[in-house]
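What follows is one structure encoded as structure tokens, with my remarks underneath.
Residue numbers (full-length UniProt numbering): 1 to 231.
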């Protein structure tokens with residue numbers, strides 16, 4: 001019998017987390033990386049103090065079957081849980097489309113579930129050689145980009161996105177990252193400027209400089225058929 005999915009919180013209704021769909025977001029508990037700008041640090045431990053019982057989640061979704069289009073499994077890092085695939089299958093049987101937010105922390109685990117999703121929001125943390133400064137975990141860059149290969153090979157609809165704190169990125173490195181993604185045939189890319197109100201690393205500055213980069217964003221739009229800047 002598979003383990004029940006550990007859900008550390010949920011958003012009952014959003015239009016932001018799955019493009020074009022009214023969705024509920026389930027925040028899966030647990031993450032193996034320690035991204036310095038993480039604004040949900042309570043989701044990092046494998047067990048959380050405010051977990052929502054999976055049976056309660058299913059009961060909520062049953063009441064929303066005619067109101068919601070999709071359910072997004074976010075995190076934390078949902079692919080670290082053995083209960084993810086069964087949970088995705090249960091939700092699909094209820095008639096919902098499936099969204100997945102992931103950074104592909106474990107490429108083999110990511111590869112097993114990516115095909116169960118209708119859409120993936122995939123987090124590119126940095127260039128592979130720069131990822132350690134963001135995640136504080138050795139090998140994270142290589143894992144992140146291997147999972148990107150799995151995503152692109154899957155044929156599942158997706159958006160790649162990178163969260164930017166300007167003390168961890170400079171415009172030149174961000175543009176280099178974008179060019180490398182374009183070379184990988186990524187067609188949909190978003191840059192998300194970090195929320196500085198709450199971050200895991202207390203030493204990371206709450207000041208976000210260099211937010212206005214019109215030439216950089218113009219270059220991004222030339223690289224990708226679809227580019228979005230979220231501030």
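All C-beta atoms in this analysis are idealised placements derived from N, C-alpha and C, irrespective of residue type, glycine included.
Residue i: buried (16+ other C-beta within 10 angstroms of its C-beta) or exposed?
| i | result |
| --- | --- |
| residue 306 | This structure cannot speak to residue 306, because the chain is shown only from 1 to 231. |
| residue 165 | buried |
| residue 95 | exposed |
| residue 103 | buried |
| residue 87 | buried |
| residue 147 | buried |
Apart from the five residues just before and just after residue i, which ones in its own chain have a Cβ nearer than 7 angstroms to its Cβ?
| i | result |
| --- | --- |
| residue 1 | In this prediction, residue 1 scores a pLDDT of 42, lower than 50, which makes its location untrustworthy; no coordinate-derived value is stated. |
| residue 7 | 26, 27, 28, 29, 51, 52, 54, 57 |
| residue 199 | 36, 37, 38, 39 |
| residue 91 | 61, 71, 98 |
| residue 23 | 14, 17, 68, 69, 70, 71, 72, 99 |
| residue 134 | 35, 36, 125, 126, 168 |
| residue 12 | 24 |
Quick one: what's residue i bridged to in DSSP?
| i | result |
| --- | --- |
| residue 159 | 121 |
| residue 88 | Residue 88 pairs with nothing; no bridge assigned. |
| residue 114 | Bridge partners of residue 114: none, in fact. |
| residue 98 | 71 |
| residue 23 | 14, 70 |
Only counting the same chain, and skipping five residues up and downstream in sequence, which positions put a Cβ closer than 6 angstroms to that of residue i?
| i | result |
| --- | --- |
| residue 30 | 46, 76, 80 |
| residue 188 | 159, 226 |
| residue 204 | 36 |
| residue 220 | 178, 227 |
With distances taken between CB atoms, is the gap from residue i to residue j smaller than 8 angstroms?
| i | j | result |
| --- | --- | --- |
| residue 89 | residue 127 | no |
| residue 5 | residue 84 | yes |
| residue 98 | residue 32 | no |
| residue 21 | residue 69 | yes |
| residue 154 | residue 194 | no |
| residue 121 | residue 130 | no |
| residue 123 | residue 173 | no |
| residue 152 | residue 191 | no |
Among the residues of its own chain, which have a CB less than 8 angstroms from the CB of residue i, if the five just before and after it don't count?
| i | result |
| --- | --- |
| residue 136 | 33, 34, 35, 36 |
Indicate, with yes or no, if the ligand NAD has a heavy atom lying under 7 angstroms from the CB of residue i.
| i | result |
| --- | --- |
| residue 25 | What this structure holds is no ligand at all, so the ligand NAD is not there to describe. |
Query - Secondary structure, beta strand (DSSP E): runs of 3+ residues fully inside the region 180-224 - result: 188-193
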